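Worksheet for the structure shown next.
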Amino acid sequence: MTALAPLLKQRIAQTGPVAISEYMQTCLLHPKHGYYTTQAVFGQQGDFVTAPEISQMFGELLGLCLAQTWQDQGRPDRFILLEMGPGRGTLMADILHATRNLEGFHTGAQLHLLEASPQLRALQKEKLYPFQPVWAEQIGDLADLPIFCIANEFFDALPIRQFQFETTGWHERLIGLKDGAFHIGVSSAPTHIPSLGYRVGEVQTGDIVEINTGAQAIAKQLGQHIEMQGGAALLIDYGDWETLGDTLQAVYQHDITEFLSAPGLADLSAHVDFAALVSNLACKHSRLTPQGVLLERLGITTRAQALAKRLKGTALDQHIAAHKRLTHPAEMGSLFKAIALYPSTTNAPTGFTE
Ligand code: SAH
């Protein structure tokens, strides 16, 4: 039994079944017992290893992609460099390292981070303090400057709601209690969800569709900012162009576990529906590109060979394995996808296609 389980059960007993989004939000970000607020979540010790923790090459190549886009847009002398969901700060540290010799980039950058967990903010502060990061509460608070943004595995951590399609309409899947245990059921009354109207023609009775209202709101604000002020956003995540069915996943100590089994101890995520994420944005978006393809286009093989020259023994083996892990279709290469947002007056950032 985890510390959060009795608290969640008490809430459900008092006020009735809760939306999946409420359960997810509590499990991930509860101030005392939430996953991101308590665990040593990433890295070899944590439950899952993210791309920047696998190899420096990930951040270096994406940093150069962002910097190239900054050059293509006329090297604005003041701009916001933003990361959303920076985790341990490794990705941003690699981006800043890779761009250190590019004249005007560091001096023009105002580093901003969007991070909900105070514990992770502290880690980020430790790692990035020479660059004087500022933590933003929301995109709307950012100054009117071009924004160059990166987010890796950010949107898949935001809470989703699930709706089941029935002849009577969309019924929300809710978490209640059955014999004292958590149990997912379906609300008896349908919910009117206008944003799911476009899916009615393609789903069958019993199909589950997920929505991530928080992710869409952030993408919308980001798109507006990019269109008005310039810049670009590179968004990399676990997901697909339109998702269908239940994609919720719980990972505990490197293994997939039952979704409701360890509230607060397991990492919870859902696949990102990129079509929904980029629908109706004010700016343009690129095609959805598999991570492996993007990294190849950005030159990972050449970079991997250059780094390999300095390595031998176990370090070399690990480096070769890391390259494969990031790019191979059977590993992270096609499960993870990337999309770029950019102003409608410019071309897609290097590595992306329109
Ligand atoms: N980008 C990092 C970490 C990904 S994990 C990497 O690639 O290693 C998800 C990150 O998003 C964590 O830093 C988590 O605390 C943060 N996060 C989750 N929900 C958030 C929210 N609602 N607002 C801001 N940050 C959030």
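Take the sequence shown: its position 129, counted from the start at 1, is 171 in the numbering used here, and no numbers get skipped. All residues carry an ideal CB built from backbone N, CA and C; glycine is no exception. Everything numeric in this text was worked out from a predicted model, so none of it was measured.
Using a 10 angstroms sphere on the CB of Arg-352, the tally of other CB atoms stays under 16, which defines it as exposed.
Counting other Cβ atoms within 10 Å of its Cβ, Asp-119 stays below 16 and is therefore classed as exposed. With a threshold of 16 other beta carbon atoms within 10 Å, Ile-362 falls short and is exposed. Per DSSP, Ile-342 is one residue of the alpha helix (DSSP H) stretching across 342-350. Set against 8 Å, the gap from the CB of Asn-194 to the closest heavy atom of the ligand SAH is smaller.
Counted as a single uninterrupted DSSP element, the alpha helix (DSSP H) harbouring Val-335 occupies residues 333-339.
One Cα belongs to Gly-129, the other to Leu-337, and the distance between them is close to 21 Å. Beta-bridge annotation (DSSP): Ile-202 is not paired with any residue. By the CB criterion at 9 Å, Phe-197 and Asp-279 fall inside the cutoff. Here Trp-112 really is in contact with Phe-147; their C-beta atoms are around 7 Å apart, less than 8 Å. Counting along the chain, the unbroken alpha helix (DSSP H) around Glu-95 starts and ends at 93-96.
Not one heavy atom of the ligand SAH falls within 8 Å of the beta-carbon of Met-99.
Taking a contact as a CB-CB distance under 8 Å, the pair Thr-289 and Ala-312 counts as one, their CB atoms being some 5 Å apart.
The beta carbon of Phe-173 sits closer than 7 Å to the beta carbons of Leu-138, Leu-153 from its chain, once the five residues preceding and following it are set aside; these are given in chain order. By the C-beta criterion, the region 65-72 is judged not to be in contact with the region 322-334, since fewer than 3 inter-stretch pairs fall below 8 Å. Here the alpha carbons of Ala-61 and Glu-214 stand approximately 8 Å from one another. Annotation: Lys-169 to Thr-132 spans about 8 Å, alpha carbon to alpha carbon. Distance check between His-225 and each of Gly-393, Leu-49, Thr-392, Pro-59 places Pro-59 closest, using alpha-carbon atoms only. Assignment of Glu-102 by DSSP, reduced to helix, strand and coil, places it in the helix class.
No Cβ-Cβ contact shorter than 9 Å links Pro-188 with Gly-306. The criterion of a C-beta distance shorter than 9 Å is satisfied by Thr-285 and Val-314.
Lys-167 is bridged by DSSP to nothing; it lacks a bridge partner. DSSP places Thr-299 within a strand segment (E or B) once states are collapsed to three. Distances from the CA of Ile-122 to each of Ala-308, His-267, Ala-350, His-365 were compared; the closest alpha carbon is that of His-267.
In this structure, DSSP gives Ala-151 an extended state, which the three-state scheme calls strand. DSSP places Cys-191 in the strand class (E or B) of the three-state scheme.
Following the DSSP letters along the chain, one finds Leu-219 inside the beta strand (DSSP E) bounded by residues 211-220.
Per DSSP, Gln-291 is one residue of the beta strand (DSSP E) stretching across 291-294. About 13 Å separates the beta carbon of Ala-261 from that of Leu-330, a gap too long to meet the 8 Å contact definition.
Residue range 46-57 is occupied by the alpha helix (DSSP H) that includes Lys-51.
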